[in-house]
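With our numbering applied, the sequence shown corresponds to residues 98 to 471, in that order.
Glycine included, every Cβ here is placed at the ideal spot set by N, Cα and C.
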Amino acid sequence: MNDDILNAAEARLGLSRRSLLQFCAAMAATMGLPKGADAAMAGAIASGKRPPVIWMHFLECTGCTESMLRSEHPALDKLILDIISLDYHETLFAGAGHQAEAARKAAMAANKGKYLLVIEGAVSTKDNGIYCKVGGETSLALLKETVADAAAVIALGSCAAWGGVPSSAPNPTGAVGVAELITDKPIVNIPGCPPIPYNFLSTVVHYLTFGKLPDLDDKGRPKFAFSRTIHENCERRPHFDAGRFAQEFGDEGHRKGYCLYKLGCKGPETFANCPAVLFNDIGGGSWPVGVGHPCIGCTEKGIGFNKPIHSLADPLYITPPESYPRIIEEQGQGVTLGSAATVAVIGGLAVGAGIKVASNLGKNRPNDPSHGQE
Ligand code: FSX
Ligand code: SF4
Ligand code: F3S
């Protein structure tokens, strides 16, 4: 790559060229992009072309923005702010009131058809959307107005992607995700409550480099981040396979780091890259299951914030491991069945997983032959 470009990037981003190239190589690998994509990304970032972004908040907690700002993986917050031109953001804006509203309108007019619209939060639809208003306008009206001249939409966080917390039953405000309302623009859903900042950053860099959104799954999520279940990459998975479960919070199994399935972990039915990418880079990164809390399935519509936290997951597919680890008798799971994974599931049945678990044994994810390779 051109040295001048890299030198300019070094000065602008405060990142050494080595860090920038490493960062792009890691991002290209994470997204499964072909050889050369890392150099293209580095070139795009270094070029200083920053896509304009208008970022709006509706029904939500602002955790998505907070999570992004607390990432330190090579100066992630700095990179985001240097890769995009953040022309409007209700949390980070110094201005307020009419001044902020004017800034949104000015950003829309100056970048007609070119800006990325980031929506954080669900949209209230009940009673014409009166349960969420910003500057006197409903989120429903603001969304429609602001999306009209957007190039593409990023629905950031579970609330914007599919309704999230505000849409939990009985959903008094009629909260829905953006894609239920907008059908004439490219939309990418990046769920997670909060989402992994890297999934947002990678999506933006992909857009910046290739001028389009990354490949999406059948729920509009980037395939690079949502094509594997939590369960496939979980560090507690050997315990699941061996039939070692925490039975209660704080018991010996919990303290020893055993599998959290019986405490309601939804990892076996939730697609996300949390165990691979982690949150909070300071201190090496972490994620819910890593600190002893079951995954609640926050990236999956119908599971996160809807299925009770303590109820058992319906594993999407369980295939016995190729080698059979020794079954730990102290767990009382029995030793007569050939597969430890099967034993683990039967253990789940004993506390109420129900017949659905059994019926999912060996089942592949519909429409995706790459799944089921556990
Ligand atoms: Fe929702 Fe984001 Fe959860 Fe919070 O804004 S995805 S409630 S972390 O903040 O939208
Ligand atoms: Fe990890 Fe949860 Fe799967 Fe257990 S059930 S291995 S804790 S993802
Ligand atoms: Fe959400 Fe589960 Fe990841 S709760 S943050 S998908 S570990």
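Nonlocal neighbours in the same chain, by C-beta distance under 6 Å from residue i, ignoring five residues either side
i: residue 209; result: 246
i: residue 356; result: 333, 336, 337, 342
i: residue 330; result: 372, 373
i: residue 362; result: 391, 392
i: residue 351; result: 343
i: residue 260; result: 219, 272, 273, 274
is_contact[residue i, chain D] using C-beta, thresh 8 Å
i: residue 344; result: No chain D appears in this structure, which consists of one protein chain only.
Closer than 7 Å: residue i CB and nearest the ligand F3S heavy atom
i: residue 259; result: no
i: residue 290; result: yes
i: residue 256; result: no
i: residue 410; result: no
i: residue 396; result: yes
i: residue 384; result: yes
i: residue 108; result: no
i: residue 229; result: no
i: residue 127; result: no
i: residue 369; result: yes
Cβ-based neighbour list, residue i, same chain, cut-off 7 Å, excluding 5 preceding and 5 following
i: residue 223; result: 270, 271
i: residue 138; result: 121, 124, 125, 302, 306
i: residue 232; result: 198
i: residue 177; result: 165, 298
i: residue 282; result: 244, 247, 249, 250
i: residue 239; result: 153, 231
i: residue 101; result: none
Residue i, buried or exposed, once every other Cβ within 10 Å from all chains shown has been counted against 16
i: residue 180; result: buried
i: residue 407; result: exposed
i: residue 135; result: buried
i: residue 115; result: exposed
i: residue 265; result: exposed
i: residue 368; result: buried
i: residue 286; result: buried
i: residue 236; result: buried
i: residue 168; result: buried
i: residue 195; result: exposed
i: residue 346; result: exposed
i: residue 296; result: buried
i: residue 263; result: buried
i: residue 498; result: The first residue shown for the chain is 98 and the last is 471, placing residue 498 beyond what the model contains.
i: residue 215; result: buried
i: residue 429; result: Per-residue confidence for residue 429 stands at a pLDDT of 44, beneath the threshold of 50, marking its modelled position as unreliable; the derived number appears in the next sentence. So residue 429 ends up on the exposed side.
i: residue 189; result: exposed
i: residue 326; result: buried
i: residue 294; result: buried
Near the ligand FSX: residue i beta-carbon under 7 Å from a heavy atom
i: residue 158; result: yes
i: residue 161; result: yes
i: residue 262; result: yes
i: residue 192; result: no
i: residue 218; result: yes
Beta-carbon proximity list for residue i, same chain, < 8 Å, skipping 5 on both sides
i: residue 217; result: 152, 153, 154, 155, 157, 159, 161, 162, 253, 254, 256, 257
i: residue 212; result: 148, 149, 150, 151, 184, 204, 205, 246, 247, 248
i: residue 117; result: 103, 106, 107, 110, 139, 142, 143
i: residue 383; result: 375, 376, 377
i: residue 200; result: 184, 185, 190, 192
Would you list, in sequence order, the uninterrupted beta strand (DSSP E) runs of no fewer than 3 residues that lie entirely inside the region 199-272? Taking 3 residues as the minimum length, the beta strand (DSSP E) runs contained wholly in the region 199-272 are 212-217, 247-253, in order along the chain.
Which runs of the alpha helix (DSSP H), 4 residues or longer, sit entirely within the region 360-408? List check, alpha helix (DSSP H) in window: 371-374.
Any residue with its Cβ nearer than 6 Å to a heavy atom of the ligand SF4 should be included. What is that list in chain order? Residue list for the ligand SF4: 327, 328, 331, 333, 334, 337, 356, 357, 358, 362, 364, 365, 386, 392 (CB closer than 6 Å to any heavy atom, chain order).
Which ranges would you report for the beta strand (DSSP E) in the region 270-355 if only whole runs of at least 3 residues count? As far as the region 270-355 is concerned, its whole beta strand (DSSP E) runs of at least 3 residues are 284-287.
Suppose only complete runs of 3+ residues qualify. What are the beta strand (DSSP E) ranges in the region 133-187, listed by chain order? List check, beta strand (DSSP E) in window: 149-154, 182-186.
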